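Chains as they are written, first to last, in this note's numbering: chain A, 13 to 586; chain B, 741 to 1038; chain C, 75 to 437.
Don't be surprised by glycine CBs; every beta carbon is placed ideally from N, CA and C.
Note that the coordinates shown come from a computational prediction; the quantities given were computed from them, not determined experimentally.
Below is one structure, written out as structure tokens, with a few remarks after it.
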Amino acid sequence: MTTAVTTLPVLHPARSLARMDMTLALRAGSVAGIVAVYAAAVGILKVFGQREVIVDHLTLGHVFLFSLAGACGAYVWTRSKASIRLRVINVVIAGIASGFFLVALIALMANVNLRWMFTALSSDLLRSLIYDRGAVGGSVLFLGAGALGAICGALLIGLPQTPRRCLVWGLSAVLIAGVFQELIQIALRFGWPITSLRTFLYVWRGLTLQGAMIAFATAFCVCWALDLGRRHLRRRRGPADIDVAIPRLRSQLASAVLLLCILVVFPLVAGSYIGQVMMLVSLFVLMGMGLNIEVGLAGLLDLGFVAFFAVGAYTMALLTADSEFALAHYTSLPSLTFWMALPLAVLAATGIGILFGLPVLGVRGDYLAVATLGLGEIVRVLVISDAAKPVLGGAQGILQVPKPTIGGIELVDPMHLFYLTLVFVLVAALIAWRLEGSRLGRAWTAIRDDEDVAQALGINLVQCKLLAYGLGAAFAGLAGAIFAAMLTSVYPHSFSLLVSINVLALLIVGGLGSLPGVIVGALLLIGLPEVLREFNEYRFLFYGVLLIVVMQWRPEGLWPSPQRKREVRTPRLG
Amino acid sequence: MAVASEKTRSAYAPAGLKPMITQTIATEHFNKRQGAAPVLLRTVDLSMRFGGLTALDRVSIDVHQGVIHSVIGPNGAGKTTLFNCVMQGHRISSGDIQLAGERLIGLTPDKVAAAGIARTYQNIRLFTGITAIENLLVGMHRHLKSRWWEAVLASSRCRHDEEKAHAEAREILKFVGLAGRGDTLARHLSYGDQRRLEIGRALCTRPKLLMLDEPTAGMNPREITEMMIFIRRVREAFGLTIVLIEHQMRLVMEVSDKVTVLDHGVKIAEGDPAYVKSNSAVIEAYLGHAAQRQEHPA
Amino acid sequence: MTATNALPERPQRRVRGRVSFTTVISWMLRITIVVTLLASAVSSVLKDRYSIDQWFDLVAFGITIGSVYALIALGYTMVYGVLRLINFAHGEIVMAGSFAGFFVAASLDSTGALNRYPILGFAAMLAIALLVSGGIAVLTERFAYRPFRHAPRLAPLICAIGVSFLLQQSFRGFFGTGLRSYPDPDWLMPPVSIFGFDVPAVQVLVVSSAIVVMVGLYLIVHKTRMGTAMRAVSEDVDVATLMGINVDRVVTFTFALGGAVGGIAGVFYGLVFKQVHFFMGFTPGIKAFGAAVLGGIGNVPGAMIGGIFLGICESVAPALLLDGFGIPAPHQMRDLVAFSLLIAVLIFRPYGIFGERLARRRG
Ligand SMILES: Nc1ncnc2c1ncn2[C@@H]1O[C@H](COP(=O)(O)OP(=O)(O)O)[C@@H](O)[C@H]1O
Ligand SMILES: [Mg+2]
């Protein structure tokens, strides 16, 4: 963000203050405007513009642009030091400035063909956003909406806390009800009272204006009531809670349990597509827990993590598939069932993990990231190559991997597979959690902090690092084996570097070293893009932004482990 | 005499360590009087070269069991390098290092630690993100015998081990004067506390030989006196042999049994404090600067 | 208590592990690698499947692509020298340069200007690419890396990965997912004869311009004030700061320089492979990082030699080493060779073939 100019000329303090505020406003407006133009050029604005929040009235694109203007209005309002009147003027200027960039884009597009270069800048890009008003009407609309948005943002930030919170709740409720309308509509399909609620709020295409108002009012009132209740409580109990530490711990545990309950019940309510999504989420949670051991606990940044996933999947396929590449096809080995192959797949992944670890043991820090990246790529190139084709099936992969069975029943429904994976996730979480507090966990922490000192204290680096690699790989191998059975096939292109980045990103966003963080990260980074399918194309863009933003403003992650939080949030003395 | 001093000593010593303490201290006193304590650490013609720079040049030092042996010398003399070489942090250029007759050359640092050497660092190197007690527990790593799968299964042996380790860590914490501060983040401790915690962490590995690298760096005179008393207490309570790198002459002269002087990687003198103090080479190389400065304050 | 009586007895126990496990593994790896390489090279040569012309082609191509790697590696090496940061986004900066060059070339080509004024056209491509890449590099540093100047190592690295994805996916959004092919002007058509062998004109152009760029860069780094400041900062930031060097400016300058050279490399890469794509920066990025490590990271001439060495290796090695084993389609293994080389270097000579700078710095 821009920083305010700090040098003040001496002669005309008032006027120069006003001018300074003006540059502040212009700068904030330009940043917002550039972001808007970027969104247009990259194509996000178009996709947003197609997602309706309130049918026929409001798209996500509007919300995006309006909140951009709002954010810059709020920023100017809080940063500006001038009189109220000047501040209002500045906010309006900032809003108009933010709208101006899109207007300029419209003008440019009307005169120059940018399409041959920027594929997203088609002439109908902004049409839905300006309600088919044409260039002039659209420009006025953008400028007006920018100013209005900035004022709203400034108002919102200027309000006292309670009404502001209630407003935010209400607006978020509308946004959620609108954006996730498909999911909510499916979830509301049961029985009479609920179904009528659905018809009350929604038409089949999405949220109605009436529905939006109701959602807003409900959330607003709920928030207000909660706030009243809380204040009432506080007055009764006295201002300060002396022993906050223990309730906080308990509340953390409670929220973790709650999170788990939601995970269990949610797919039941939300239908089988969500079941499928949750299945994927849980696989990534499993992998995240594995990588968490390597990166979060032992501090070994591993960008070739996908290789273990691939090994698990291919082992499963080779051992169980009904295809010409299966080992049973050309050796005397019997064709195994899912359950018999599972431990072998995990074992194979562990073995590869240790092999992976061996050569890179002496490689430190960021070199390690590149070394593992290279190793992962080597595995991928090998799998795709013609040389390995007779064994691994080349680019076509291995087909006809059977699904797991329990007691003679084949688990075909993704929901069932999801519950199966959830059991594995719980076991893995238990293992990871126990290890974290153990002797080995402390040794990992020590290695992460200062490898040399750890070694001089008698910690065997080779052993500890290999254990980290092996255990991390085991989790990933498990996930891979389930993945193969879920898809009933394995292809090399499922195992690109992007999977490693996915897992790393979800770890970082959730909070390195934190088990609930893994779940939150996976829900946010794997679940959300699957649910909002048309944004899937921009998923890695979103990851990139998220990684930068999280590292800059919340390096401990969204749900940090207590230790990490301490490390990041408490200042270093001395 | 032994009985009386044992009483006072046992006040500091962690419960589990008492029997050992009496035994070693008794032999140490005996040996000292006889002047024939066995050599614990021996370097023979130890050389360490970094490219063209010779940080240590054929240094031979014998550290006898039970003594406090100081290594002094101007900055850049190679004292820290000596510690690094003993710990096998560097691959030495030539020479030999033995602990109680065992060659250390070629071992990894963790094996050296297992052989019974622990050290501290000139610039404190605690694990800053974890608490004081966790730092000590890391030091105890080697003595916890439960395997990782036992931790996963939460076996009774593992839990027992952990409890015992925590108890011992609390004892050590008390010994280094940090009783009750176990849950403080290491980086939030005061400078002196960090120094003592680092020594405590080294003690947790139950070493035979403790190497302290400038434990009083950056301290005021009162703290230095306290540190001096503390070092003596450590030696007596744990029956350790201590190698001490120091700049504070007062401290060196008071606590050391023997002093080795390094200058530009070369051992220029060795003997008891009084001898070293009067040695002309030392005065020239080391004390000499100070003496001259006193004579000509300009 | 077990420990209590264990202590006095321990000296008698034999100390195990004199030769550490890692050393054994490392030597075993070394020996295996050398033996297999020798064996396969011998069997390849004995098989005699390639004519001398073909070998020459492979080497020439290797030098070409190697000089491109060398240019990219310079960016890594300079940034690493100054900030001790692996600029993961550097591959994407190269890609940006390639795109910029492509758009200039394509618009010139559509009017026919590219064929009429070859030198001007080429210069325009390079200039725009240089500006775009340098600009992006500077912006990246300002907004993504600077806040982490003093943060622990993992944070800037992860941020760099984030930047890399942001750039890559932005270009994907801007310019689409398809391949775009570089224009093929007439003046790049006729092959040039060197030592009696025919070499494509592109290769001659790329190698000769790369040499010019490298010489220029060498002069900048070694002969200008800013270059001297840069070397001072790589040597020791704190001392450089004490000497009154404005570290922020030096860092910005380094990124600009590295980015500009990367942009030029991007144009060359596009000219050699005749296409641009949003994902094209990734592989040469990693390989060039390998080249930078090979030459001793932080070492400018080292990066140049490392790059060319890597290029020749990956071009010749599949034919020389893998063909001997009868591996089908050895050319698919080009990346494999490069990555293996990268890992081998990281494991066995992390301080590069020339330097011991990093090894010293560890203390
Ligand atoms: N890892 C290393 N690489 C290169 N030179 C080193 C290294 N460690 C120490 N030195 C050099 O060896 C000499 C001795 O250093 P040191 O042992 O730290 O001295 P001191 O006696 O002050 O502790 C110094 O000149 C120092 O620069
Ligand atoms: Mg020193």
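Check: Applying the criterion that 16 or more other CB atoms from any shown protein chain within 10 Å of the CB defines a buried residue, is A:V59 buried or exposed?
Finding: Position 47 of the first sequence, counted from the start, is the residue given in the question as residue 59 of chain A. Buried.
Closer than 6 Å to a non-hydrogen atom of ligand 1 - does that hold for the CB of B:K819? Reading the second sequence from its first residue, position 79 is the one you call residue 819 of chain B. Yes, the Cβ of B:K819 comes within 6 Å of a heavy atom of ligand 1.
Chain A within 7 Å of C:G332, Cβ atoms only:
Translated into the one-based positions of the third sequence, residue 332 of chain C becomes position 258. By this cut-off, C:G332 is not an interface position.
Can you give the Cα-Cα distance for B:V803 and B:H830, rounded to whole angstroms? Here residue 803 of chain B is taken as the residue at index 63 of the second sequence, counted from 1. Here residue 830 of chain B is taken as the residue at index 90 of the second sequence, counted from 1. Their backbone Cα atoms lie some 20 Å apart in a straight line.
Identity of the residues DSSP links to A:E64 by a beta bridge = For this step, residue 64 of chain A is matched to residue 52 along the first sequence. A:T71.
- Option nearest A:G522 by Cα separation, candidates A:R566, A:F507, A:L80, A:S79: In the first sequence, the residue the question calls residue 522 of chain A occupies position 510. Nearest option by C-alpha distance: A:R566.
- request: List the residues of chain A that B:E874 touches, going by C-beta distances under 7 Å, in chain order.
  value: Here residue 874 of chain B is taken as the residue at index 134 of the second sequence, counted from 1. Near B:E874 (Cβ distances below 7 Å), the residues of chain A are R454.
Does A:P574 come within less than 7 Å of chain B when only Cβ atoms are used? Translated into the one-based positions of the first sequence, residue 574 of chain A becomes position 562. Chain B contact via Cβ: absent.
**Request:** State yes or no: is the C-beta of A:V107 within less than 7 Å of the C-beta of A:A159?
**Result:** Here residue 107 of chain A is taken as the residue at index 95 of the first sequence, counted from 1. Here residue 159 of chain A is taken as the residue at index 147 of the first sequence, counted from 1. The amino acid at residue 107 of chain A is misidentified as Val; the sequence shows Gly. A contact, by the Cβ cut-off of 7 Å.
**Request:** Excluding the 5 residues preceding and the 5 following B:F790 in the sequence, name in chain order all residues of the same chain whose CB lies nearer than 6 Å to its CB.
**Result:** By one-based count along the second sequence, residue 790 of chain B stands at place 50. There are no such residues.
Worksheet item: What whole-angstrom Cβ distance do A:A86 and A:L168 have, given they're in contact under 8 Å?
Response: Against the first sequence, residue 86 of chain A aligns to sequence position 74. Against the first sequence, residue 168 of chain A aligns to sequence position 156. Sure, about 7 Å apart at Cβ, within 8 Å.
Notebook entry, point to check: Residues of chain B with a CB under 7 Å from the CB of A:L447: which are they?
Noted result: Taking the first sequence and counting its residues from 1, the one referred to as residue 447 of chain A is at position 435. The contacting residues are W888, A891, V892.
If you follow the beta strand (DSSP E) that B:Q838 is in, where does it begin and where does it stop? Position 98 of the second sequence, counted from the start, is the residue given in the question as residue 838 of chain B. Segment 834 to 839, the beta strand (DSSP E) holding B:Q838.
Taking all protein chains shown into account, do 16 or more other C-beta atoms lie within 10 angstroms of the C-beta of B:H881, making it buried, or fewer, making it exposed? For the purposes of this step, residue 881 of chain B is identified with residue 141 of the second sequence, where counting begins at 1. Classification of B:H881: buried, given that the 10 Å Cβ count is 16 or more.
task = Take C:G140 as the anchor and find which of C:L148, C:F383, C:L410 has the nearest alpha-carbon.
result = Counted from its first residue, the third sequence places residue 140 of chain C at position 66. Per the Cα distances, C:F383.
Practice prompt. Would you verify that the beta carbon of A:Q564 is, or is not, closer than 7 Å to some beta carbon of chain C?
Written response: As a first step, residue 564 of chain A must be located in the first sequence, where it is residue number 552. True, the Cβ-Cβ gap to chain C drops below 7 Å.
Exercise for the section: Measure from the C-beta of A:P402 to each C-beta in chain C and report whether the shortest distance is under 7 Å. Expected result: Within the first sequence, numbered from 1, the residue matching residue 402 of chain A stands at position 390. It does not; no Cβ of chain C falls within 7 Å.
- Tell me, which residues are paired with B:S810 by DSSP? Position 70 of the second sequence holds residue 810 of chain B. According to DSSP, which records beta bridges pairwise, B:S810 is partnered with B:L984, B:V999.
Q.
For a test of the three-state rule: what should DSSP assign to A:Q193, helix, strand or coil?
A. Reading the first sequence from its first residue, position 181 is the one you call residue 193 of chain A. Here A:Q193 sits in helix by DSSP.
Chain A within 7 Å of C:A229, Cβ atoms only
Indexing the third sequence from 1 puts residue 229 of chain C at position 155. Answer yes: the Cβ-Cβ gap between C:A229 and chain A drops below 7 Å somewhere.
inquiry  = Could you check whether the Cβ of B:Q988 sits closer than 6 Å to any heavy atom belonging to ligand 2?
reply    = Position 248 of the second sequence, counting from 1, holds the residue named residue 988 of chain B. Not under cutoff, so the answer is no.
Self-check item: Partners in chain C for A:V588, counting only beta-carbon separations shorter than 9 Å
Solution: Outside the modelled stretch of chain A, which goes from 13 to 586, sits residue 588 of chain A, for which no answer is possible.
Pairing CB atoms from the region 326 to 339 of chain A with CB atoms from the region 519 to 538 of chain A, are three or more of them under 8 Å?
no
inquiry  = Do A:A340 and A:A480 have their beta-carbon atoms positioned less than 7 Å apart in this structure?
reply    = Position 468 of the first sequence, counted from the first residue, corresponds to residue 480 of chain A. Position 328 of the first sequence, counted from the first residue, corresponds to residue 340 of chain A. Result no, Cβ atoms of A:A480 and A:A340 do not sit closer than 7 Å.
- Task: Using three-state DSSP, classify B:G829 as helix, strand or coil.
- Result: If you number the second sequence from 1, residue 829 of chain B lands on position 89. DSSP places B:G829 in coil when its eight states are reduced to three.
**Prompt:** Apart from the five residues just before and just after C:A418, which ones in its own chain have a Cβ nearer than 8 Å to its Cβ?
**Reply:** Counting from 1 along the third sequence, the entry for residue 418 of chain C is found at position 344. If we look at C:A418 and ignore the five residues flanking it on each side, its Cβ neighbours are I107.
Notebook entry, point to check: When we look at the beta-carbon of A:L20 and count the other beta-carbons within 10 Å, is it buried (16 or more) or exposed?
Noted result: Working through the first sequence from its first residue, we reach residue 20 of chain A at position 8. Residue placement at A:L20 cannot be trusted, given a pLDDT of 43 that sits under 50; what the coordinates show is reported in the next sentence. By the 10 Å Cβ count, A:L20 comes out exposed.
**Asked** With distances taken between CB atoms, is the gap from B:E966 to B:S810 smaller than 7 Å?
**Response** Here residue 966 of chain B refers to the residue found at position 226 when the second sequence is read from its first residue. Here residue 810 of chain B refers to the residue found at position 70 when the second sequence is read from its first residue. Not closer than 7 Å, so no.
Check: If C:I319 sits next to C:A306, beta carbons under 8 Å apart, how far is it from one beta carbon to the other, in whole angstroms?
Finding: Stepping through the third sequence from its first residue, residue 319 of chain C is reached at position 245. Stepping through the third sequence from its first residue, residue 306 of chain C is reached at position 232. Correct: roughly 6 Å between the Cβ atoms.
Beta carbon proximity, C:P221 to chain A, threshold 7 Å: For the purposes of this step, residue 221 of chain C is taken as residue 147 along the third sequence, with counting starting at 1. Chain A contact via Cβ: present.
- Return the CA-CA distance between B:T748 and B:A854, expressed in angstroms with no decimal places. Here residue 748 of chain B refers to the residue found at position 8 when the second sequence is read from its first residue. Here residue 854 of chain B refers to the residue found at position 114 when the second sequence is read from its first residue. Annotation note: pLDDT 39 at B:T748 (below 50); position unreliable, no value reported.
Taking 7 Å as the threshold (C-beta atoms), are B:M951 and B:F867 in contact? Residue numbering aside, residue 867 of chain B sits at position 127 when the second sequence is read from its first letter. Residue numbering aside, residue 951 of chain B sits at position 211 when the second sequence is read from its first letter. No.
Ligand 2 heavy atom lying under 6 Å from the CB of B:Q862:
For the purposes of this step, residue 862 of chain B is taken as the residue at position 122 of the second sequence. Yes, ligand 2 has a heavy atom inside 6 Å of this Cβ.
Checklist entry - Buried or exposed: where does A:S573 fall if 16 or more other Cβ atoms within 10 Å of its Cβ makes it buried? => result The sequence position of residue 573 of chain A within the first sequence is 561, counting from 1. So A:S573 ends up on the buried side.
For ligand 1, is there a heavy atom less than 6 Å away from the beta-carbon of B:A795?
Start at 1 with the first residue of the second sequence, and residue 795 of chain B comes out as number 55. Yes, the Cβ of B:A795 comes within 6 Å of a heavy atom of ligand 1.
Q. Within 10 angstroms of its Cβ, does A:V22 collect 16 or more other Cβ (buried), or is it exposed?
A. The residue given as residue 22 of chain A occupies position 10 in the first sequence. Unreliable placement is indicated for A:V22, whose pLDDT of 49 sits below 50; the coordinate value is still reported in the next sentence. Classification for A:V22: exposed.
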